[in-house]
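Undergrad: Before anything else, here's the structure in question.
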Amino acid sequence: MQIPPPCSPPPSPDSSDLSSLLILPFSIPPHSSSIAAIHEAVSSKPPILHAGEYTPAIICEFKLAFAHYCTIKEIAEEKQTKTLIRCFHDHRITNIISDLEECKTLLVGTVSKFMKQICSIDL
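Okay, structure coming up:
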């Protein structure tokens, strides 16, 4: 039985080939961590909105996920806003909600009104 010769190491790149070494097998979009994220584990749990920049697309996606959750759980419209405040995992919003007077103001009205008020606050 013959033993095959050992594999030779790949050739050393010269300076013109160094740029190919900088390409990763995957890429991470720049500033990806600054955009807010929505976590939906299962439809029986409310969606969670994590800290970050609230883009119109993120807000729209969150509102749709929350509306879907409320439909599945058959949550009455007048109780939806109280349910909504548990969905924020962003200290900027939870600090505002923890202020009792601010919370009373925010909890009056519909989910759409609440989201407009949250989006209008300088976070």
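Its first residue numbered 194, the sequence shown is counted upward by one per residue in the numbering used here.
Every residue gets a Cβ at the ideal spot worked out from N, C-alpha and C, and that includes glycine.
Quick check: P249 and T276, are their CB atoms within less than 8 Å of each other?
TA: Against a cut-off of 8 Å, the Cβ pair of T276 and P249 comes out as no contact.
Undergrad: Note the first and the last residue of the continuous alpha helix (DSSP H) segment covering I311.
TA: 304–313
Undergrad: Indicate whether L242 and C296 have their beta-carbon atoms separated by less than 8 Å.
TA: Taking the C-beta atoms as reference points, C296 is found no nearer than 8 Å to L242.
Undergrad: I290 lies in the alpha helix (DSSP H); which residues open and close that run?
TA: 284–291
Undergrad: Could you tell me which of D283, T287, N288, E270 sits nearest to K306, measuring between CA atoms?
TA: Closest option to K306, Cα to Cα, is E270.
Undergrad: How about M308 and K256: do their beta carbons lie closer than 8 Å?
TA: yes
Undergrad: Looking at I265: is its Cβ nearer than 8 Å to the Cβ of S236?
TA: yes
Undergrad: DSSP three-state label for E271, please.
TA: Helix, per DSSP.
Undergrad: What does L241 pair with, by DSSP beta-bridge criteria?
TA: Looking at the sequence itself, residue 241 is Ile, so the reference to Leu does not match. Answer is H232.
Undergrad: Where does the unbroken alpha helix (DSSP H) through C280 begin, and where does it stop?
TA: C280 -> no alpha helix (DSSP H), and no H or E assigned at all.
Undergrad: In whole angstroms, what separates the C-alpha of F259 from that of I231?
TA: It is roughly 10 Å from the alpha-carbon of F259 to the alpha-carbon of I231.
Undergrad: Is it the case that the Cβ atoms of I228 and I251 are separated by a distance below 8 Å?
TA: Yes.
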